[in-house]
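Enquirer: Below is the structure I would like to discuss, written out as structure tokens.
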Amino acid sequence: MDDDTAITVDHISKKYCKSLKRSMLYGVVDIGRNTLGLSSLPQHLRKDEFWAVDDISFEVKKGGTLGIIGPNGSGKSTLLKMLNGIFWPDKGKIAIKGRVGSLIEVGAGFHPLLTGRENIYINAAILGMTRKEVDEQFNSILEFADIGNFIDTPVKFYSSGMFVRLGFSVAVHSDPDILLIDEVLAVGDKDFQIKCYQKMYEIKKRGTTVILVSHNEYTICEQTENCLYINNGKMKFLGPSEEAINIYIKETLEHRRKDFTWEETDKLPSSKKAEIISLEFCDQNGDAISFIESGQELHIILECIMREELHHPIFGVNFYDNSGFMYCTNSDYENVSFEEPLLEKIRITITIPHLHLPTNNYFCSAIIAEESVDNLIDWHNMAYRLVVGRARKARGAIKLPTQWEINKT
Amino acid sequence: MSGIISTYEPDNSLKKGYLSIFPEIWKEVKKNRWLIYQLFKREFSAAYKQSFMGVLWAFIIPVVSICVFMVLNQSGILSIGDIRAPYPLYAVLGMAFWQLFSRGLVASSSSLVNAGSMIVKINFSKKSLVIASAGQSIISFLVQFVLVAILFFYYHTAPSFTIVLIPLIVIPIMLLTLGLGFILSLLNGIVRDIGNMLSILMTFLMFLTPVLYAKPKTGILATVTNYNPLYYLISVPRELVLMGTISEGAGFFFSTILSVTVFVACILVFHLTEARIAERI
Numbered sequence: 286m287d288d289d290t291a292i293t294v295d296h297i298s299k300k301y302c303k304s305l306k307r308s309m310l311y312g313v314v315d316i317g318r319n320t321l322g323l324s325s326l327p328q329h330l331r332k333d334e335f336w337a338v339d340d341i342s343f344e345v346k347k348g349g350t351l352g353i354i355g356p357n358g359s360g361k362s363t364l365l366k367m368l369n370g371i372f373w374p375d376k377g378k379i380a381i382k383g384r385v386g387s388l389i390e391v392g393a394g395f396h397p398l399l400t401g402r403e404n405i406y407i408n409a410a411i412l413g414m415t416r417k418e419v420d421e422q423f424n425s426i427l428e429f430a431d432i433g434n435f436i437d438t439p440v441k442f443y444s445s446g447m448f449v450r451l452g453f454s455v456a457v458h459s460d461p462d463i464l465l466i467d468e469v470l471a472v473g474d475k476d477f478q479i480k481c482y483q484k485m486y487e488i489k490k491r492g493t494t495v496i497l498v499s500h501n502e503y504t505i506c507e508q509t510e511n512c513l514y515i516n517n518g519k520m521k522f523l524g525p526s527e528e529a530i531n532i533y534i535k536e537t538l539e540h541r542r543k544d545f546t547w548e549e550t551d552k553l554p555s556s557k558k559a560e561i562i563s564l565e566f567c568d569q570n571g572d573a574i575s576f577i578e579s580g581q582e583l584h585i586i587l588e589c590i591m592r593e594e595l596h597h598p599i600f601g602v603n604f605y606d607n608s609g610f611m612y613c614t615n616s617d618y619e620n621v622s623f624e625e626p627l628l629e630k631i632r633i634t635i636t637i638p639h640l641h642l643p644t645n646n647y648f649c650s651a652i653i654a655e656e657s658v659d660n661l662i663d664w665h666n667m668a669y670r671l672v673v674g675r676a677r678k679a680r681g682a683i684k685l686p687t688q689w690e691i692n693k694t
Numbered sequence: 063m064s065g066i067i068s069t070y071e072p073d074n075s076l077k078k079g080y081l082s083i084f085p086e087i088w089k090e091v092k093k094n095r096w097l098i099y100q101l102f103k104r105e106f107s108a109a110y111k112q113s114f115m116g117v118l119w120a121f122i123i124p125v126v127s128i129c130v131f132m133v134l135n136q137s138g139i140l141s142i143g144d145i146r147a148p149y150p151l152y153a154v155l156g157m158a159f160w161q162l163f164s165r166g167l168v169a170s171s172s173s174l175v176n177a178g179s180m181i182v183k184i185n186f187s188k189k190s191l192v193i194a195s196a197g198q199s200i201i202s203f204l205v206q207f208v209l210v211a212i213l214f215f216y217y218h219t220a221p222s223f224t225i226v227l228i229p230l231i232v233i234p235i236m237l238l239t240l241g242l243g244f245i246l247s248l249l250n251g252i253v254r255d256i257g258n259m260l261s262i263l264m265t266f267l268m269f270l271t272p273v274l275y276a277k278p279k280t281g282i283l284a285t286v287t288n289y290n291p292l293y294y295l296i297s298v299p300r301e302l303v304l305m306g307t308i309s310e311g312a313g314f315f316f317s318t319i320l321s322v323t324v325f326v327a328c329i330l331v332f333h334l335t336e337a338r339i340a341e342r343i
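Chains as they are written, first to last, in our numbering: chain Y, 286 to 694; chain G, 63 to 343.
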């Protein structure tokens, strides 16, 4: 192992058993074999076993950051637990240099009947801190958790936010050389989340190696240099976070289930004075696309049939991301007026010179309305999809569309 | 930055050889003394905090069992046998030493299961957890000795000065408890039947071992008792407190050797296989 390498993961695999009774049997057999000095033959799959993590290798330099991304059940957490030494690999080898801290689940080991103060000591001890370290850090832990005089109340009576804040506070004060984080930052209120990110930044600056598991593309991009994308336990990509995220989003596009149907369209008045035929996304060359980098030029081509003349027709396109946020444009906002009556088949081209949408996998709706956006004539609800990838050299969620002028004064 | 390299690979401990295991275990326990204390405190509070009687429950259980035995003896259903000391004193002492074993074993064998959610989330010394649980029985042991002191006072007798040897002479029974606790906690983590089996076995063993009655002179029970290491591990310390003598030294000696052997074998197995428990618990 090199001097400046913090973690070496060498072709590791981990198998799980799907059947509980067999898992019990295998557990006893493995223990028996190890006791007798025999290998437990971990490289072979027995009945009902499968590889939850399959042949993964990577290295992280001291002070480096690595994100791990993948859909649910892809083996991210198992991988993290193996790095922490909770689970041992069945194949391959992990070498880790220095003290490992984990934010896999904060507040694990808190006893509900004990007070916050008592739990700080116990939790810190479990996390591997010495008594001296806890004594030194105690005030800082208390201050960060910010739970006031509840510190001498049994943890049982804490709000869930207080519980998590205390747990997080202890965990970040354990001063590890390597910190493993599993999406715990998604807890607490906004203020506390900001505090957590600040703390993480501080920890990274101190030279701590960070491994971050998250579903959130934005967090991964902001917090890590490199990213490992895994699916079904297998390594799909390892490289710069932006590239990894773009590949991840593209690949998961097919897997994202379409939960919404056309049902609601059917509820619209059946008169169908107008009808949407199709919506298509094109790049600046006019080629149809389903993936675009944030900030690039996008053309949306909407084709409709107008059977009757609408009084003040409105056309619109909405983008929904996977957290439920909507981004939209429509002809009413833009004060687009149509001089001659729209009849028969029409084709509308909406040009977005710079599509500054955050990286995400978007569902899109197309609408035709009359007079007001609420008075829908036809509506294709979440019927189209567009993946927005991360722009190169981007920072933050989006690049702001700006104009700059610098003058000598 | 500390330069300690941890490596995880399959059958890791097998590659290191048996000899390096003992220093490893020793280092682990020594390093984790504070953790053991904290876990001990955690479990103690868990058992007694939300209870008005708290640790007094350690009094009640032996007192009730002893009363039952006295009633049964008086009505002639069973015979306690020939005892040279006041019966309550004899019985409370017997129960104190017995519970050091039984409570310790029940607590330690369920230690990994009870801490299951912790074990799958944090990597920490599992030996500390078992030791901290087994240590719970020391508290009730001490509480029961308060009861012993009260009884000595009540019967106007004094214990033999050899009572100071108690901490030394309970070492074998504690090693046996801890050793069995290690292996049973591991197995209980995988197969929950162990825990249920153990609580039945403990009741059975208590009646099989002369804890609340004198050692019978004839019959099957007498033969069984002769080969029952628990009997020697309990009766010798009790005799030492009551009389200041040791009449069954050989039995105690062999039981001690057995206890140490069990302890060493079990901690070895535990060390070799503890890495597997998190994925099965």
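Heads up, the beta-carbon is just placed ideally off N, CA and C, and yes, glycines get one too.
Just curious, the beta strand (DSSP E) that Y/L465 is in, first and last residue?
Expert: On the first sequence, residue 465 of chain Y is found 180 positions in, with the first residue counted as 1. Taken as a continuous stretch (DSSP letters only), the beta strand (DSSP E) holding Y/L465 covers 463-467.
Enquirer: Please report whether the beta-carbon of G/V326 lies at a distance below 8 Å from any beta-carbon of chain Y.
Expert: Here residue 326 of chain G refers to the residue found at position 264 when the second sequence is read from its first residue. No, because no Cβ of chain Y sits closer than 8 Å to the Cβ of G/V326.
Enquirer: For G/G251 versus G/R342, is the C-beta distance shorter than 8 Å?
Expert: Along the second sequence, read from residue 1 onward, the residue named residue 251 of chain G stands at position 189. Along the second sequence, read from residue 1 onward, the residue named residue 342 of chain G stands at position 280. In this structure, G/R342 lies closer than 8 Å to G/G251 by Cβ.
Enquirer: Please give me, in chain order, every unbroken run of the beta strand (DSSP E) with length at least 3 that falls completely inside the region 480-534 of chain Y.
Expert: Listed in chain order, the complete beta strand (DSSP E) runs (minimum 3 residues) inside the region 480-534 of chain Y are 494-498, 511-516, 519-525.
Enquirer: Output the distance between the C-alpha atoms of Y/M250 and Y/F604, rounded to the nearest integer angstrom.
Expert: There is simply no residue 250 of chain Y to check, as chain Y begins at 286 and stops at 694 in what is shown.
Enquirer: DSSP on Y/S575, reduced to helix/strand/coil?
Expert: The residue given as residue 575 of chain Y occupies position 290 in the first sequence. It is coil, neither helix nor strand.
Enquirer: Indicate whether Y/L523 and Y/T509 have their beta-carbon atoms separated by less than 8 Å.
Expert: Counted from its first residue, the first sequence places residue 523 of chain Y at position 238. Counted from its first residue, the first sequence places residue 509 of chain Y at position 224. Cβ atoms of Y/L523 and Y/T509: not closer than 8 Å.
Enquirer: Out of curiosity, what's the CA-to-CA distance linking Y/K543 and Y/S650?
Expert: As a position in the first sequence, residue 543 of chain Y is number 258, starting the count at 1. As a position in the first sequence, residue 650 of chain Y is number 365, starting the count at 1. With a pLDDT of only 49 at Y/K543, under the threshold of 50, the placement of this residue in the model should not be trusted; the figure read from the coordinates follows. Rounded to the nearest angstrom, the two C-alpha atoms are 13 Å apart.
Enquirer: Could you list which residues in chain G have their beta carbon closer than 8 Å to that of Y/R416, in chain order?
Expert: Residue numbering aside, residue 416 of chain Y sits at position 131 when the first sequence is read from its first letter. The answer, in chain order, is W96.
Enquirer: Determine, for G/L68, whether the minimum Cβ-Cβ distance to residues of chain Y falls below 8 Å.
Expert: Working through the second sequence from its first residue, we reach residue 68 of chain G at position 6. Note that residue 68 of chain G is Ser in the sequence shown, not Leu. Judged by the 8 Å Cβ criterion, G/S68 is in contact with chain Y.
Enquirer: Report the neighbours of Y/D315 on chain G: residues whose CB is nearer than 7 Å to its CB, in chain order.
Expert: Here residue 315 of chain Y refers to the residue found at position 30 of the first sequence. Simply R338.
Enquirer: Y/D431 and Y/R450 - do their beta-carbons sit closer together than 8 Å?
Expert: On the first sequence, position 165 is the one that residue 450 of chain Y refers to. On the first sequence, position 146 is the one that residue 431 of chain Y refers to. Against a cut-off of 8 Å, the Cβ pair of Y/D431 and Y/R450 comes out as a contact.
Enquirer: Count the C-beta pairs between the region 425-445 of chain Y and the region 119-137 of chain G that are closer than 8 Å, then say yes if the count reaches three, no if not.
Expert: The region 425-445 of chain Y, when compared against the region 119-137 of chain G, does not touch it at the 8 Å Cβ threshold.
Enquirer: Does any CB atom of chain G fall closer than 8 Å to the CB of Y/Y406?
Expert: Residue 406 of chain Y sits at position 121 when you count from the first residue of the first sequence. Yes, contact with chain G.
Enquirer: Do you know how far the Cα of Y/F395 is from the Cα of G/Q112?
Expert: Counting from one through the second sequence, the residue named residue 112 of chain G turns up at place 50. Counting from one through the first sequence, the residue named residue 395 of chain Y turns up at place 110. If you take the alpha carbons of G/Q112 and Y/F395, they lie about 16 Å apart.
Enquirer: Just the C-alpha distance for G/E86 and Y/G681, rounded to the nearest angstrom, thanks.
Expert: Start at 1 with the first residue of the second sequence, and residue 86 of chain G comes out as number 24. Start at 1 with the first residue of the first sequence, and residue 681 of chain Y comes out as number 396. Distance between the alpha carbons of G/E86 and Y/G681: 48 Å.
Enquirer: What first and last residue would you give for the beta strand (DSSP E) that runs through Y/F227?
Expert: The first residue shown for chain Y is 286 and the last is 694, placing residue 227 of chain Y beyond what the model contains.
Enquirer: List the residues of chain G whose Cβ lies closer than 8 Å to the Cβ of Y/P374, in chain order.
Expert: Translated into positions along the first sequence, residue 374 of chain Y becomes position 89. Under the 8 Å cutoff, chain G gives Y70, E71, P72.
Enquirer: Any beta carbon from chain G within less than 8 Å of Y/T550's own beta carbon?
Expert: Position 265 of the first sequence, counted from the first residue, corresponds to residue 550 of chain Y. At Y/T550, the pLDDT of 49 sits below 50, so the modelled position is not reliable and the matter cannot be decided from this model.
Enquirer: Compute the Euclidean distance between the alpha carbons of G/F316 and G/I296, then round it to the nearest angstrom.
Expert: Position 254 of the second sequence, counted from the first residue, corresponds to residue 316 of chain G. Position 234 of the second sequence, counted from the first residue, corresponds to residue 296 of chain G. Cα to Cα, G/F316 sits roughly 14 Å from G/I296.
Enquirer: What's the gap between the Cα of Y/S622 and the Cα of Y/F566?
Expert: Mapped onto the first sequence, residue 622 of chain Y falls at position 337. Mapped onto the first sequence, residue 566 of chain Y falls at position 281. Between Y/S622 and Y/F566, the C-alpha separation is close to 23 Å.
Enquirer: Report the residue from Y/T493, Y/S362, Y/K684, Y/I405 whose alpha carbon sits nearest the alpha carbon of G/V182.
Expert: Here the question's residue 182 of chain G lines up with position 120 in the second sequence. Out of Y/T493, Y/S362, Y/K684, Y/I405, Y/S362 has the C-alpha closest to the C-alpha of G/V182.
Enquirer: Does the distance from the CB of G/S195 to the CB of G/L162 come in under 8 Å?
Expert: Counted from its first residue, the second sequence places residue 195 of chain G at position 133. Counted from its first residue, the second sequence places residue 162 of chain G at position 100. Contact: no.
Enquirer: Pull up the CB-CB distance for Y/F343 and Y/K300, whole angstroms please, since I reckon it's below 8 Å.
Expert: Residue numbering aside, residue 343 of chain Y sits at position 58 when the first sequence is read from its first letter. Residue numbering aside, residue 300 of chain Y sits at position 15 when the first sequence is read from its first letter. With a Cβ gap of about 20 Å, Y/F343 and Y/K300 do not count as contacting.
Enquirer: DSSP beta-bridge partners for Y/A380?
Expert: Along the first sequence, read from residue 1 onward, the residue named residue 380 of chain Y stands at position 95. The partner list for Y/A380 (beta bridge, DSSP) reads Y/T293, G/T69.
Enquirer: Residues in the same chain with beta-carbon distance under 7 Å from Y/S576, minus the five sequence neighbours each way, listed in chain order, please.
Expert: On the first sequence, position 291 is the one that residue 576 of chain Y refers to. According to the sequence as given, residue 576 of chain Y is Phe; it is not Ser. Same-chain partners within the cutoff: K535, V672, G674.
Enquirer: If Y/I532 sits next to Y/K521, beta carbons under 8 Å apart, how far is it from one beta carbon to the other, in whole angstroms?
Expert: For the purposes of this step, residue 532 of chain Y is taken as the residue at position 247 of the first sequence. For the purposes of this step, residue 521 of chain Y is taken as the residue at position 236 of the first sequence. Contact flag correct, Cβ pair sits at about 7 Å.
Enquirer: Bridge partners for G/S202 per DSSP, in chain order?
Expert: Within the second sequence, numbered from 1, the residue matching residue 202 of chain G stands at position 140. Its beta-bridge partners do not exist; DSSP assigns none.
Enquirer: Any idea what DSSP makes of Y/L321, helix, strand or coil?
Expert: Against the first sequence, residue 321 of chain Y aligns to sequence position 36. Coil.
Enquirer: Hey, quick one: how far does the beta strand (DSSP E) through Y/M591 stretch, first residue to last?
Expert: Counted from its first residue, the first sequence places residue 591 of chain Y at position 306. Its beta strand (DSSP E) spans residues 583-591.
Enquirer: Would you give the residue range spanned by the alpha helix (DSSP H) that G/G138 belongs to?
Expert: Walking along the second sequence from the start, residue 138 of chain G turns up at place 76. Careful: G/G138 lies outside any alpha helix (DSSP H) and carries neither H nor E.
Enquirer: So what's Y/E421 in DSSP terms, helix, strand or just coil?
Expert: Here residue 421 of chain Y is taken as the residue at index 136 of the first sequence, counted from 1. In the structure shown, Y/E421 sits in a helix (DSSP, three-state: H, G or I).
Enquirer: Should Y/L412 be flagged as near chain G, meaning a C-beta pair shorter than 8 Å?
Expert: Counting from one through the first sequence, the residue named residue 412 of chain Y turns up at place 127. Yes, its Cβ sits closer than 8 Å to a Cβ of chain G.
Enquirer: Using only alpha-carbon positions, find the residue among Y/P374, Y/G322, Y/V313, Y/Q478 that is nearest to G/R254.
Expert: Against the second sequence, residue 254 of chain G aligns to sequence position 192. G/R254 has its Cα closest to that of Y/V313, out of Y/P374, Y/G322, Y/V313, Y/Q478.
Enquirer: Which residues, taken in chain order from the region 525-539 of chain Y, show a beta carbon closer than 7 Å to some beta carbon of chain G?
Expert: Cβ contacts with chain G come from no residue of the region 525-539 of chain Y.
Enquirer: CB-CB under 7 Å to Y/H596, same chain, minus the five flanking residues each way: which ones, in chain order?
Expert: Here residue 596 of chain Y refers to the residue found at position 311 when the first sequence is read from its first residue. So the qualifying residues of the chain are E655, E656.
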